[in-house]
Each structure stands twice: as C-alpha cells, then as structure tokens.
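Number of protein chains: 4
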Amino acid sequence: MNGDNFTACEQLVSPAYVRQGSQGRRTHELLIRQLIDTGKCPESGWDESTIELFLRELSIMDSNNFLGNCGVGEREGRVASGLVARRHYRLIHGIGRSGDISAVQPKAAGSSLLNKLTNSVVLNIIKLAGVRTVASCFVVPMATGMSLTLCFLTLRHKRPKAKFILWPRIDQKSCFKSMITAGFEPVVIENVLEGDELRTDLLTMEAKIQELGPENILCIHSTTSCFAPRVPDRLEELALMCAKYDIPHIVNNAYGVQSSKCMHLIQQGARVGRIDAFVQSLDKNFMVPVGGAIIAGFNESFIQEISKMYPGRASASPSLDVLITLLSQGTNGYKQLLKERKDTYVYLANELRKLAEVYSEKLLDTPHNPISLAMSLKNLDEQSSKAVTQLGSMLFTRQVSGARVVPLGLMQTVNDFTFKGFMSHTNTYSCAYLNAASAIGMKKQDVDLFVKRLDKCLKTFQKEIQTGSGIENSNQNADLVGELSGSLGDVLHIDPAKNN
Amino acid sequence: MNGDNFTACEQLVSPAYVRQGSQGRRTHELLIRQLIDTGKCPESGWDESTIELFLRELSIMDSNNFLGNCGVGEREGRVASGLVARRHYRLIHGIGRSGDISAVQPKAAGSSLLNKLTNSVVLNIIKLAGVRTVASCFVVPMATGMSLTLCFLTLRHKRPKAKFILWPRIDQKSCFKSMITAGFEPVVIENVLEGDELRTDLLTMEAKIQELGPENILCIHSTTSCFAPRVPDRLEELALMCAKYDIPHIVNNAYGVQSSKCMHLIQQGARVGRIDAFVQSLDKNFMVPVGGAIIAGFNESFIQEISKMYPGRASASPSLDVLITLLSQGTNGYKQLLKERKDTYVYLANELRKLAEVYSEKLLDTPHNPISLAMSLKNLDEQSSKAVTQLGSMLFTRQVSGARVVPLGLMQTVNDFTFKGFMSHTNTYSCAYLNAASAIGMKKQDVDLFVKRLDKCLKTFQKEIQTGSGIENSNQNADLVGELSGSLGDVLHIDPAKNN
Amino acid sequence: MNGDNFTACEQLVSPAYVRQGSQGRRTHELLIRQLIDTGKCPESGWDESTIELFLRELSIMDSNNFLGNCGVGEREGRVASGLVARRHYRLIHGIGRSGDISAVQPKAAGSSLLNKLTNSVVLNIIKLAGVRTVASCFVVPMATGMSLTLCFLTLRHKRPKAKFILWPRIDQKSCFKSMITAGFEPVVIENVLEGDELRTDLLTMEAKIQELGPENILCIHSTTSCFAPRVPDRLEELALMCAKYDIPHIVNNAYGVQSSKCMHLIQQGARVGRIDAFVQSLDKNFMVPVGGAIIAGFNESFIQEISKMYPGRASASPSLDVLITLLSQGTNGYKQLLKERKDTYVYLANELRKLAEVYSEKLLDTPHNPISLAMSLKNLDEQSSKAVTQLGSMLFTRQVSGARVVPLGLMQTVNDFTFKGFMSHTNTYSCAYLNAASAIGMKKQDVDLFVKRLDKCLKTFQKEIQTGSGIENSNQNADLVGELSGSLGDVLHIDPAKNN
Amino acid sequence: MNGDNFTACEQLVSPAYVRQGSQGRRTHELLIRQLIDTGKCPESGWDESTIELFLRELSIMDSNNFLGNCGVGEREGRVASGLVARRHYRLIHGIGRSGDISAVQPKAAGSSLLNKLTNSVVLNIIKLAGVRTVASCFVVPMATGMSLTLCFLTLRHKRPKAKFILWPRIDQKSCFKSMITAGFEPVVIENVLEGDELRTDLLTMEAKIQELGPENILCIHSTTSCFAPRVPDRLEELALMCAKYDIPHIVNNAYGVQSSKCMHLIQQGARVGRIDAFVQSLDKNFMVPVGGAIIAGFNESFIQEISKMYPGRASASPSLDVLITLLSQGTNGYKQLLKERKDTYVYLANELRKLAEVYSEKLLDTPHNPISLAMSLKNLDEQSSKAVTQLGSMLFTRQVSGARVVPLGLMQTVNDFTFKGFMSHTNTYSCAYLNAASAIGMKKQDVDLFVKRLDKCLKTFQKEIQTGSGIENSNQNADLVGELSGSLGDVLHIDPAKNN
C-alpha cells in the first residue's frame, strides 16, 4: 500500500481511520528501514507480522514474482508446486551467482538483499557473542564439515605444496572427514590428560610442525566445542604457534557461538596470534534446521576468497531460517537464551553430581568445558562389559536423546585411519562415562526429565546385581544393536572388541 | 486417527458416517503405502491434502516432535522460531549422518524416510526420463558446481597421481570453478565449428590424453545441456575414449533431465563406454528453488563413495522440495511437462526464425541442441559496437529475463585462466547473437511476450539508424553497466576490449 | 517497502536491480489501486502473491496489529492462538459495528475496507451474472435460511399487522424454517403439474391474497433454484402480483447466481413488477466454505435497513473467503465457470437419458429447471417399497454425494406443519425418482463416475430380480437407516408410511 | 500412517527407529483419544503439531476430501481457491444441517465431530469458569446480539401472546437492537444509583411486571458484564422474580465468562430462581476473531429448541477458532489467563486511582463491577464542554484503543427510542468520566502505556488552562468528529446537545 493507495482508500473509509492505518504501517516500515540502514540485528525481536511483511516485500522484488515478467532462460525461478513456493515465501532464486556465493543476482534483488542482510546480521551477532574483532562472515548452506572442507580447498591455492593438516584429536567423524574429503592427510595429535580433562598437547604439536616442515602443512585445524572430558583446544597458544611458523589456522567452532568461553578463546587467539577462519553450525547455535554454517574470519579478503570458491548458486533456505530466527528474537532474545544456557549448565552439573554420588560415581572435573559434562560409569562397566552400551539403548527407548555413553576401548576406522578408544578422544581413558550437554534452548525441565529417567535406568541395573536377573529380554536386545548407534551419537560401525 | 480413535468417534457421530470417514482416510494411506512399498513416483499426482498428511506423518516420527522427549545433546532439533518450524513441517534434523549423507538418523526416523524416499523417487524419474540403466543416485543440497567438485574430490582418492581434468570448453563459470575448487588443473579443449554448431573436438581430446598420460588425468568432464550454438558433447565417443584409456568420466548434465536427447546421450555413453557419474540441477529440471543437485551413476558403490565423502549432515530442504513437487505431479504430470517443453521449443524456434527474417538476421542452425536457440545479431553489431550489449539491457528493463546477448570478442579471466570470446564457447565466433531457451515450465505465452518485446527493441534500433538519434538517454546508460551483467547471465566482470 | 526503504536498499544491492524490484512492486500495487478505485472484480484473476500482499496490507491497518497499540477495552482484537491469527491473516475485528453490519470500524480500517470492497465486488458479480439493475447488496455471515429470516424480521417493522407469508411449496427445510423462526405463519401454495414439471400455481396464489387480505401478508416468498421436477417460480407474474397488491416480495435464490436463467427471472421480475430482496448462498454459488449469504435488492435504502437489523459485529470469515475467491478468478474466471456449468448440464442430461433408457426409465422432461435433473425410478419402486431408499444408501457408501432419491409418499412434519409426499414438492408425484444436479465447479469426470456407479447399482437390482437374492446383507441394512438420511439430503426424520 | 505403513517403513529404515517413530505418533493419538472419549478440554495445552494433526485427521473424514468422491449435488464442499481451502484446513461443509445447527452431517463426519467436540469442550470450560450446573450449550456463528435475537425468536413460539421484553437499561446498541430485531418492544427499566454504582431497580421491575401482566412479557433480559459505573444486574433477585411470575429469563453475559463474579451470579440465579439461557461472546472471552457466541442454559431441551431454530447450515469458522484456542491453552492455560486478568484489574485500579488523585479526580467506587473501571473527568468537563470528547480523540490518535470517554447529557435515538444521558446508563450521572477495562489477555504493559499516555493528554489540558491556548488545531478537529465515535465505542450518531 503506497501513499496513492491510502488516499484512494479514503473514498471508502473515513480519512481519519485510514490515516491511523497508514500510521500503523509506518511503524513496521521503520523497523525494516532500520535493519537495512544498520545491517544489525534489532535489539527487540520483531513480531511475526513484521517479519512476514518484510519477507513478502523482498519476495516481490524478485523477477519470478514480476507480474509482467517473461522468462526465456533455463533458470527463471519457475516453481511447479504451490506448497513449495509458499514455504519459501516465493523466494526461489537462491543466493549468490556462479562466481561468488555472496554476490548479487540481477534477477533477484529481493533474494540478494536477503543474502546481504543475513550475513550482516549474523556478523553482528558473532561480535555480540564475543568475537568483537571479526571482520567478515557469510552463511553457507552446507554443514560444518563441508564448510571446513571449503576452507581447506581455498587454502590449497595459497599453499600448493602443503599436504598435511595438524589436528588435535577429537572423536567426531565429520571434522575428520572434512580433511580427507579436501584431499589432505590429517596428522592426529593425541591429547594429554590433565586431571580429568583431555587437553591440547602443545609440545607434540610443535615437534610435529618442525618434523614435517611448516611449508608442508596446510593448516592447524583446532576445535573449541567438544564432548567432555575433552576441553576446547588451547587456541591462544596454537594461534601463537601458527603466527610463529606462518601456518594458517582454521578453527572448528561447531557449537561454540552459544558459549562466551569458546568465543573468548577465538577472540584471544586472533588478538595474540593467527586465526584465518572459524566455522560454526547454524542449527546448533541458532536453533534452526540442520544444513547451514557460518564461515567467519578476521581478514575480509580471505573470507571473500572462500566465498568465491563455492562454484554456483546456493540454497537460500538456511539464510532465510537464521534471519527469521534472529529477527524474531532480537539481540535481547538471543542474549537471554545465552544466559539461560549458562544457568542450565550449572543446574545440570549439580543434578548430575548429586545423582553420581548416589550410585558411587563421580561427575568428571572438566571446568574448561563450558557445555558438555561427563559422569563416570565405573560400576556399570565393572558389572558387565555390555552394560554401558545397554544403558545407552535404554535411554534411547525412553526418549532421552543426545545422552551419549562412552564404553572403554572401542576401535573405529574412518577412511583408513584407526582410532583406539574411539569416542573418548584418547587411546585409553580411565573409565567409561556418560555425556550430557547444556545446549542453547535446553530447559530446566529437560534436565529434570533426563535425571529422573537416568536414575530409573541405573536403579534397574542395581537391582539386577542384587537379583542376578538380566536387563530387558533378549528379543529386545537384538533390536538394541540398532538402537545402540542412536545412543552413541554419530558412530555408525562400532567394533566391540576391547582395546588393550 | 487410528482404529481405536475411530471407534471412539462413534459415540459422537453415527457409526455409518465415521466408517465413511475412516474409509476416506484409508485411500490416502494406500497412496502412502504404495510409495513406501515401491519407492516409485506415483503415476497420478497426489493432491495437497495427501502430501501434507504424509509430511506430517513423517514429521511426528522425528524425536524433536515426541511429546515426551528430553534432549541433553547439542543437536536435538530444537527450533526457536515457529515460522521456521512450520515452513519445514517441523522436519528439523536434516538428512544423513556425519559418515554419510544417505545414512539413516536414529533420532529422526521421519527425516530418514524422507531422504530414502526422495532418492528413490528421483532415481525412478531419471530412469523414466531416459537413463534407464542408472543404478543409484542421491540428492545433495548443493548446486551443480559444488556437486561436481564433490565428484572430483572423490576421484582424487582413487587416482592420487592425477592432476588434470580434460574439459571440452563451455563458457559457464561454475563448471569451470568446480574443477579449480577441487584443486585440479582444467585442460580446456576448444570446440570445433560444424555448420553453425560448436562441437566436441575428439581428435584434440585424444591427442591431449596421450600427451598428458592417462594416469595423470583425473577424468574427462563433459557437458550435455548448454547454450547454442554450442551443442551437447559427443558423449558416446568420449565415453568410449574413457573406457579405452581407463579414465573416469563425469558428465555435467545441469539441465539435461528435461531433454530426452541429453538423457539419451548419457544412456548411450554408459552403454557403449564409460560414465562414472552425471550431475544435474534440481531447480533447472524440476522447478524447485535453487540449491540442490542429483548425483547419479551406473555403479552403486561409486555413488555411495561420493555420498560418504560429504562430511556431516545436510539440509533436507532441497529433498523436501523435490519430493513434494514430484508427488504432486506424478509421472504423468512430469511427462506432460517434458512434452510441453518440446512443443514450446518448436514454437520458439519458429517464432524466432520469423522475427530474424524480418530484421535480415538468421536463426542459427543448431539441430543438436534440444533446448537453447541462437539468433544472429549481425546488423546490430555492425551498427555500433555497444548496440549488442545495449539490447541486453533493454530486454532486462523490459522484464525479459533469461535472454542472453553475446557480443563478439569478450575477454574473461576466471581463476587465472583467460577465455577469449567469452560466452561464445570459442575464441572467435562468426557473429554476435542472442540466446533464448525453451526450458521446462515455460509457456507459449512467455514466447509470445518475448518475441513481441524483442521485436519492439529491434525496431527502436532500426529507427535510430534512420534518424541518427541515440537509444535511451545517457543517465540510464550509466545504470545499464550494472544491468548488463544481468542480461548476460552469469558473467560478472566483462572486459569490453575486443579480441583480435 | 516504501520509497525511502527502496533507496536504503541501494546501499546493499545495485540501484538498477533495486529499481527493477521497486518496479515489480508497483505492478502489484496498481492492481490493488484499481480494485480500490473501481470497486469492481478485476477481469483477470490475481495471483496468490498479490492477494496475500493485499490482505497483509489490510491487516496492518487494523489497530490490533499496530506495534504501539495499547488496548484497555473488552474487545481489542487480541488473539490467543497463533494458528488462529494466521488463518485469519490477523484480521480479527470482524465486520460491521453494533449499529450496522456494513458500517466502518474506527479500530479496524483494514477490516472495514475488506468489508466495503467485498460487498462492492460481489455487487459487480451479481450484475455480471444477470441482475443488471441490482442497486445494493451485502455479505452476511449466515446461511441462506437465517438471512431470509433477517429479511422477514426487517419487513415486520414496515408491516406490523402482517402475519402470513405466502410461499409456493418447495420441500427444503431451511427455507420453511426461515419463516417459522421469524415468527410468521407460512401459507403453503401447492404447485401445479405441467407435463413433468411442477410450477407455481398463480391462480391459487392470487385467490389466497384476496382471501387473507394484502395488509395481513408480510410478503410473498418465492424460489428460483430447486430440485427437479419442480422448476423456478414464475417470478415475473409473482412480481406483478406483488406490485398490484402492494405486497413485498422476497426471493430465495439459494444457488441461482450460477444460472443465467435464474438471474434473468429476477431481473425480469424487478423490471416489470416488485422484488424487494433476493438472497443467495455464498458457498453454493462461489465455491467457498458454508456459512455466508448475500442479501441484495433494487432499493438501496431497504437493503441498508436490513443490514442495520443485524445487531452487533459479525464474522469477516465468509467475506474474506469470497473476496479471495473472486480476486483469484477475476470476472473471466467466474464467467468461464458459469459456462462450464452449462456445458456440464447438457452432458449430464444426455448421459442420464441414455442410462434411463437402458433401464426402461426416463429422464423427466423439466426444461425450465436449468440446474437439477430427475430420472424416474418406476421399476425400482415397483420391485420393492424399500428399493428406492436402498439405492440412495448404496450410492452414499459408493462415495456418490449429492444424488438424492425421492420415494413416493413420504410424510414429514416440520414445526407442526405436515408435508405429504415430502421431498417431491407435491402431495403425490407420478413416480419415484432420483435427482442429480450440474452445479458450479462440477467436472465432466464427476458425471462419468456418477453414471458408472449408478449403472452398477441398478444392475445389482436387476440381478436381484432375476435371482431373488437380497441386496446387501441385513447387518449393513441396520446401518443404512443412518446412511439413508445422508442420501436424502436434508431430511432428518422420515416417516416411511406411504401416503394414499 | 497406520500399522501396515509403519511395517512397510521398516524396509527402508531400521525397525528400532521406526518403532520409536510409531511410539511418537501414539502419544499424539492418545491425546486425541482422550479428547474424544471425555469431550473435555485437556488440562495441559496441546502443541501445534498435535492440533494440526487432529484437524487434518478430521478434514480427511469429510467427503469433499475423499479421493474417490463424485459429487452431483449443489453443495459438495467444492472450493475454488487454494488459499481459502487451506485456511479452513479443507473443512468446507460448515456445521449443522437445515434442521438443526447442532446436527450431524452425513457428508461430513469430520466437520460433525468438530462441531460436537467444540460444543462439548466449551461446555466444560463454562462449568470450570463458574456455572457448574450448566446443562447444555452450543457455539453459533453470530455475534452476541443476533444470538440473543435467536433466543427471543425461540421464546415467541412458547409465548405467542407476549409483546414486551423487560430490560434493565444498559447503553449498548446491539443488545437493545437484539430485541427490536426480534420484533419485541423493549421496556427500559432505569437503574438506581447506589453510591457511585448504577444497579438494577428491582422495585420498578416488579411493578412493571404487574402492570403489563406476566403473560404479555416475553422475558426479562438482564446483563452481567457492563461498563462502570453500571454494575452487573442483581441476577439472583431477577431470577427469583422470573420464577415467581413464570417469566423466562435471558442473560446477556457478553464478556462475563472471564469473570468468576459474573459466572457466579448466573450460577446463583439458576440455583435459586430461573434462568433460561445465557449468551456470551466468543471473541471477548476466548481471544478469537469476532463473530461467534455461545448460547448456554440449564435445560437441555430448551437449548436444543434454540439450536433447531437456526434455519440452515452455518459457518464452522468460529467453532474451529475456539476449539484450536482452547486445545492450545488447556484448562491450565485458560485458568492462568483468568487469574492474570484479575491481577491486572487490581493493578489497573491502583494505577488509575493514583493518576486520578494527581488531577484531582477520583476513581469511581464500583466494587460490584469486576471488569470495568471509571475515572471521573469533572475538571475537564468544567473546563470546556468539548474537552471530554477531545480527550477521547486524543487517546485514539495516540493508539490507545478501548478507552471510552463519557460526556454528560448525550441524547441518542436507537430505533425510535431516545436515550437521555446515553453511554452513562442513566439519564443524568453525576459527572463525565473515562472507562478502562481489565479484559482477558490484557498485559501489565498495556496498563502502563495507557496510564502514561493518559497522563500526557491530561497534562496537555492542564497547560492549556494555564496558557489559554487551544488543544490541537482546528483542521484536526474536523477529523476528530469521525475519530470521536472511535473512542466512544459503538456510538454512531451523537447528539451533542446537553440534556436538562
């Protein structure tokens, strides 16, 4: 409704009321204006009607929504299904151009604005979450692993001789595969045990650099967010090492945006040493569907090089999701979520500690890990070699998701590389344990339900010892093999042979 | 509504009516059952209510929609925004696992089914579109270019020594970049002119293989769908060559599914020689939003290797889009679209031929290109060096999208490689020309509008000659520099210097 | 997006592209402008994106969507459920004010515009459908029957002495009840048989007027659309009689908008005599959900009086539905539907005639009924007294809806008035029969399915005669009592006793 | 997804995961089952996915959604617009049959269930809100006023001689019109002043009954919820009087469900005396769009008689809205809203009292009115005769909606009846005043904004006195005439002449 249309309305409805209506429109427009002008996430979240208005405004700027458009090319934003058109707000052209995923599309001014604004708002949030000196970022519709691959592929052009990536061990498949897929040879640096924590082995790292020769090393690939008892890598020291040996440094910050500690590590690393890019998942940090990541860095031109590496247009879907989400929360809403996560972490730690004591177990002491916690399962493991995995499947069937039991001594081969003690980030950890995390969006109620169900499962095992009866019947156990992998997170093929 | 619930309803509403209602439900369920059992696209399209029922059924099988679920992990399908949840039908977990984009997720039985069924239905359609012996395929939420990159990265592990990719020239940035991004050196094989057509130079290709040595060649990277006057590569001969020299063969079939000719070429190539994988865009062939591709091949285990190369989970959005679209069309609907496309091609060719004659131009004779047509712009080019690009921008501002003017002698550098005569697929073509294509979903009405507007633009130029007046004022021309790239498709930085 | 916002966008995206986008918006706005200016249904239907844009624009003009609004009244358009808000496009205030359902609401400029424009567009369509001199109309969120009641209640204030309504018999409950509910005594004028047709008995009507005295008669309540073999009333003659005796005339035009014949009758009646108001259903004429009607007339002030009779605000839902529907069709689309309906009528008549002959029945000759057809069921009725109703239930369970079997001699009491030969519009019709209608939106495919299923049912009866076996088992028959009323349309309590 | 389909899924996805998914479905089904079995509002609200699942299940039970249906009638639930179909969840057949708005439709088992369940859930909520012995109720898609009319029309058939309705005065147009529309003569019983409150004049009422004769009186029409300083009628005493004289009693409980006091009055009235029906608005009590009401009573057969008075089917839209809303809140959610409303009432009273004191005004002492409050405007009224209405328009333009200024001495004629002192419920109240209400869904923030804006407006007037300058310029005043009625609620034509 433009000014002329409002005036026309006054023939039908009293001018005073139309004026009120037009005034009502203006307040929505002012919010949109502020977003375009500042490129920043609004402080207060927008309501749905403003968000939808905004998206529809963007949408009708794209040529596929021009009433008089005629398309004679092979890619004109035609959509066969109304269901599909609607769920994308008729934004069909995706983002980027064949040369650059951040580029503007002539046919799609609206989608291009969406792309620009999303990257700008996300940059604003990364600063606010703690990496204050970040220079540039972009959303890419690929998972964290594939995004890391894209970073490595970009570095290849700068370091044509390099073959190795130095990687402090973390037992998660996709970050390992990200290096393999890019065509490099991961050099695994085993972690060292400090108290209960597994931490970066800086001495071995430096020795390895010297052994292989810095020019043969593509980059150091470090990690912040991870499962306890592993803790975030010593980013500051690694960044200094990278600076010293002139080696690029890529940080896997998968779900670290939600933790001020992880973000602080990145900020510090970049301040004192070298970090080229850090990559984070959209879904894990912003509560959107799986499928997008943010590639960010401190040097705008390097981030642009990465964005120009993506050949072809890309799905706008993850950008749309994160933009809607951030606009609806505002910075106040997002900060509130961060605060709640921290509080829930403390609550989860206390509840788990209490429960552990009841069963003569302990909550592992991992103060450097701000998100994940681990509770020992010594007694269960001693009771029977299968009891630990059985606990995992029991929790799964009881609709506890995300809890992760880690038995001792698993062997796992990923792309020809064999990990001993897989899942525990070290060849031999001192005990079996169970992980639980306090992630963004988790509620106190989730903790309560989890602790209650876990308590019930552990009680069942206790009774079993006393009565000697088997846990759950054998028919069920046949199924549990399948369910097992569920409770084990991302591990598909587990070799049950103990490693010793 | 299960059986018990229907029975309960009989307390409120006459059993005979409830039975009719329950019978009504069953017919929807039977359709769903047939899909699950056969994995094939239904013949008749489903109506929206069946599709939505089906998606909601999938959705409530995912753990994030369990009413009693408690999540204590870092990725539990939590969604902050209702707008986002709804547009994804609450299917939040994406597809695949860290080990394999085609793998099943324990937390998300519904999303896993979606993934399996989409790949199965798409396979069915590829067969139906002409590649009858295709063995396996999967949908990947990346554009064609990045999907080609993934294929090349997979081949690297099988041919560690190979450095080169042999590539019959096609002037489109993202397929060129797909090789660069994967870290290989493209070897450009210039096309040969046969009549008006630009075709694969088989002799040079074979000579190049012998010169570089087959073991140093990662693969031949050929193309089907392309802009006239280039025509699809001689796939049969290339496939034979690949078999002879034991070189992998990857086909860029970007928008070729819509053409039985392109599909036939692939089928024939695979029958007589070697094709390892062929990659096609979702949006260009199935009228869905930009952002997905299908990687398909004749050897199931090789396609699986590629799918295992994608590190991490991925967006389900492109899979969801294409599944909705195909279910709503059915094979009958899709076949009908293919037929209409063919008819529109003939219509477009006739209309353009007539128009060309009026302006003493010709429709280039490119019978091997089943999708794209080209009309010469000799007179315009002779009139003024800028007239050709000016025509492009005039069409753009008149809301003709997808038409593409190709001036003579452009130079373009992409990742250090300089293309002479860029956009025309050859160093020097005989004349400037304009492209238009008959792509799936295009209507007769689009052709009529296009021809009418083109006629009007050409008339303006004709008058200009007679009166000597300039076309459109200079202020506008300043803007046209920007608009130009729009009308030129994917070309970002054009060097206007003639090449001679 | 206003002008300022577009300008702001130029910082992010090339001005030329933003200009195209803004131009794209303008075409949508022009359509909206035209609607507001002319108040007419557009010729060509709007696409969904324009309709949604328009509705959202209206919506943000309502005070409940003002970002800065604070409400301290008891009715502020607050909505508890997001699902509900969304399905109404956040238009919550309904239509009208306590004084007048057509009045403007200060709090809701958008909803008020919706109301005004709907009434205006609907008026335009009524003219186009044949009642060219209609002066005024409004949509009311009540069914046809209740809307007729409102007309009668309005007339009461003009004719305080009148007690009777003269009503040519039509066997449909709600139009009978509309008079009872309004507190008047219906005087039923039996129809006369002319050939197969049942037509208005003008002589008896005039005699009744003279007998009761015109001043004691509230109005004549005539009917256009009806089930064959009854045909539309002789409106012209009735209208002349009303003029002659100064008696108001209300026409029940329930589903007559879809028939040019019915509309022509009204137009003629008003031209030569007196028609005060005619009432039509929204759902039956415009393919929207049940629940609304249009009250129209030739004297603006009388129609206003009726609209002022409705005490309180009303649901905007039926107005919204019909406006969306007409905007999406345009007058061209609606005319096309009318044309298709006529063609389907001819097709249905031919197919039924052919089938009737096969079973030695006849298609009743009812040329004055432009919508409904009747096929005799003499043989079935002779075969067994229950066979006719059994046919009805068989069709119901075979998912034929809307077919209506009419046995001979039903007795039905509605509000103390007993109808002999109920459903057949006369005390004794010559034979049992079956009705089928060609209504707007019906497809040739419906006719084919119907005739095929009817054929099958009749064949079953034929076999039964030959073999002497019963049709469908007795258990089922118990249920059929319930199903029966389904196939009988609106008749709830049927007295199976024959009347003779 | 039925059992067979789940089994079929196990070919594609591990049986253990499918079983989890099927288990997930069952929990949603159990909720639905409980609703059908008990007919009660669930304690805890359902989430959107369960509600949508439920509505879709209902929807596919209706014949218009049968895949094999063929319709040959005039009302087959055909929908022309997809937008319309979707917003009604494809529930097209409305509710009721021509004989009864509560009846079951053979063609629409799903819509029939919706209707039955809505009425049942709403009955449950009315009990819970305080009228524990209510026997029956139904939702009708008409506003409160028209629903009252329907009650009066039903009573007419029981009391054919009665002409009068006795009505303790309340200055709101639609309840007055509801009697006029039904064709009765309202006998206005003026209120008596007790302290600041205006209360039912029982003596005059009884005198009037005796004067007119009980058999000539259709009913007493009393009111609960109303604007202060009027307070709810003395229902108990009126109910006793109705019992004594055998006169029906209809209660206008427009927005009284939200107040336990109003509901208690009805419960008490029915316990000790006679109440035949009480009518309440859907939108004002349940935060749904305008357009529906609930007619409830203590005698099931009388309520059924009313429901059978509605001639024809009706819109299901208001039923759908209220069912969605109550399911999403659950009884817990609704009770919480009731509690918050009470708290807000206290807060609003306190804030208004404080503000009143600042301006030497007072909060009128109206303890019997549990919803509405009034603050005197004596000084403003003394300042200028127009200042009071000016305040109203100032609040309107400052986006305060629902505040209502009441000047002294307005005259208003509604359907030939002239009210002196209109809006104040009495011929001459002691002072001008301003109303504000604490209605369900109102937030503390609304109160704060309102008080702040009111303070600002009053301050402006104060300054004016001191400086002698006019408030807002005269051009604006011209518009304010229109805006005025906005701030005055439902009053359309105000005679500014003072009455004395």
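Residue numbers (the UniProt record's numbering), protein chains in the order written: chain V, 1 to 500; chain C, 1 to 500; chain P, 1 to 500; chain Y, 1 to 500. Quick reminder that beta carbons are idealized off the backbone N, C-alpha and C, glycines included.
### Message
Across the segment 367-375 of chain P and the segment 395-402 of chain P, are there enough close Cβ pairs to call them in contact, namely three or more that are closer than 8 Å?
### Response
no
### Message
Below 9 Å on C-beta distance, what does G96 (chain Y) contact in chain V?
### Response
If you number the fourth sequence from 1, residue 96 (chain Y) lands on position 96. Under the 9 Å cutoff, chain V gives no residues; its nearest Cβ is about 32 Å from G96 (chain Y).
### Task
Run through the segment 321-371 of chain P for me and flag every whole alpha helix (DSSP H) of 4 or more residues, listed as ranges in chain order.
none
#### Entry: Inside the segment 180-260 of chain Y only - alpha helix (DSSP H) runs reaching at least 4 residues
202-212, 235-245
### Message
So if DSSP puts V414 (chain C) in a beta bridge, which residue, or which two residues, is it bridged to?
### Response
On the second sequence, position 414 is the one that residue 414 (chain C) refers to. C:F417.
### Rounded C-alpha distance that separates P186 (chain C) from L320 (chain C)
For this step, residue 186 (chain C) is matched to residue 186 along the second sequence. For this step, residue 320 (chain C) is matched to residue 320 along the second sequence. If I take the Cα positions, the gap works out to 34 Å.
### Query
What is the DSSP secondary structure of A103 (chain P), counted as helix, strand or coil?
Counting from one through the third sequence, the residue named residue 103 (chain P) turns up at place 103. Of the three classes helix, strand and coil, the one that applies to A103 (chain P) here is coil, per DSSP.
#### Entry: Cβ neighbours of Q412 (chain P) in the same chain (closer than 6 Å, five flanking residues each side left out)
On the third sequence, residue 412 (chain P) is found 412 positions in, with the first residue counted as 1. F419, F422, listed in sequence order.
### Message
Considering only the alpha carbon of each residue, which of V:F176, V:A103, V:P318, V:R156 lies closest to S307 (chain V)?
### Response
If you number the first sequence from 1, residue 307 (chain V) lands on position 307. The candidate whose alpha carbon is nearest that of S307 (chain V) is V:A103.
### Query
Which residues in chain V sit within 8 Å of V13 (chain C), going by Cβ to Cβ distance?
As a first step, residue 13 (chain C) is located in the second sequence; it is residue number 13 there, counting from the start. Under the 8 Å cutoff, chain V gives no residues; its nearest Cβ is about 30 Å from V13 (chain C).
### Query
Along the segment 79-91 of chain V, what residues have a CB closer than 8 Å to any CB found in chain Y?
G82
### Query
Got a sec: which bits of the segment 295-314 of chain V sit with their beta carbon under 7 Å from any beta carbon on chain C, in order along the chain?
M309, Y310, P311, G312, R313, A314
### Task
With DSSP collapsed to three states, give me the class of P42 (chain V).
Residue 42 (chain V) sits at position 42 when you count from the first residue of the first sequence. DSSP places P42 (chain V) in coil when its eight states are reduced to three.
### Task
Please look up how many angstroms separate the CB atoms of T224 (chain Y) and I266 (chain Y), rounded, as I've assumed it's under 8 Å.
Start at 1 with the first residue of the fourth sequence, and residue 224 (chain Y) comes out as number 224. Start at 1 with the first residue of the fourth sequence, and residue 266 (chain Y) comes out as number 266. Contact flag correct, Cβ pair sits at about 7 Å.
### Message
I'd like to know whether the C-beta of F66 (chain P) is nearer than 8 Å to at least one C-beta of chain V.
### Response
Within the third sequence, numbered from 1, the residue matching residue 66 (chain P) stands at position 66. So, interface residue.
#### Entry: Residues in the segment 6-33 of chain P having any Cβ partner in chain V nearer than 7 Å
A8, C9, L12, V13, S14, Y17, V18, Q20, G21, G24, R25, T27, H28, E29, I32, R33
#### Entry: 8 Å contact criterion, which M309 (chain P) and L150 (chain P) should meet: CB distance rounded
Residue numbering aside, residue 309 (chain P) sits at position 309 when the third sequence is read from its first letter. Residue numbering aside, residue 150 (chain P) sits at position 150 when the third sequence is read from its first letter. 6 Å between Cβ atoms; contact.
### Query
Is the beta carbon of R90 (chain C) less than 8 Å from the beta carbon of N69 (chain C)?
Within the second sequence, the letter at position 90 stands for residue 90 (chain C). Within the second sequence, the letter at position 69 stands for residue 69 (chain C). Contact: no.
### Message
Does chain V have any CB closer than 8 Å to the CB of residue 542 (chain C)?
### Response
This structure leaves residue 542 (chain C) out entirely; chain C is present only between 1 and 500.
### Beta-carbon contacts of L326 (chain P) that lie in its chain and below 6 Å, excluding the five residues immediately before and after
To locate residue 326 (chain P), count along the third sequence from 1; it is residue 326. Excluding sequence neighbours, L326 (chain P) sits near C41, V121.
### Query
Nearest to G392 (chain C) by alpha carbon, out of C:E382, C:V406, C:G273?
In the second sequence, residue 392 (chain C) corresponds to position 392, counting from 1. Here the closest residue by C-alpha is C:V406.
### Message
Tell me the DSSP secondary structure of Y433 (chain P) in three-state form.
### Response
As a working note, residue 433 (chain P) is residue 433 in the third sequence. Y433 (chain P): strand per DSSP, three-state reduction.
### Query
Using 8 Å as the limit for Cβ to Cβ distance, is S474 (chain C) near chain P?
Indexing the second sequence from 1 puts residue 474 (chain C) at position 474. Caution is warranted here: a pLDDT of 37 is assigned to S474 (chain C), below 50, making its placement in the model unreliable, and the coordinate value is therefore given only provisionally. Output row for S474 (chain C): interface = no.
### Task
Output yes if chain Y places a C-beta closer than 8 Å to the C-beta of F419 (chain P); else output no.
As a working mapping, residue 419 (chain P) is identified with position 419 in the third sequence. So, not an interface residue.
### Message
If I measure Cβ to Cβ from N253 (chain Y) and keep anything under 7 Å in the same chain, skipping five residues before and after, which residues do I get?
### Response
Taking the first residue of the fourth sequence as position 1, residue 253 (chain Y) is located at position 253. Closer than 7 Å at the Cβ level, and outside the excluded window around N253 (chain Y), lie T224, S225, C262, I266, F278, V279, Q280.
### Task
Using the Cα positions of Q445 (chain C) and N285 (chain C), report the straight-line distance between them to the nearest angstrom.
For the purposes of this step, residue 445 (chain C) is taken as the residue at position 445 of the second sequence. For the purposes of this step, residue 285 (chain C) is taken as the residue at position 285 of the second sequence. If you take the alpha carbons of Q445 (chain C) and N285 (chain C), they lie about 20 Å apart.
### Message
Please determine whether the Cβ atom of N191 (chain P) lies at a distance below 7 Å from any heavy atom of the ligand ADP.
### Response
The ligand ADP is not part of this structure, which contains no ligands at all.
### Query
According to DSSP, is M394 (chain Y) helix, strand or coil?
What you label residue 394 (chain Y) is simply residue 394 of the fourth sequence in a count that begins at 1. Three-state result, M394 (chain Y): helix.
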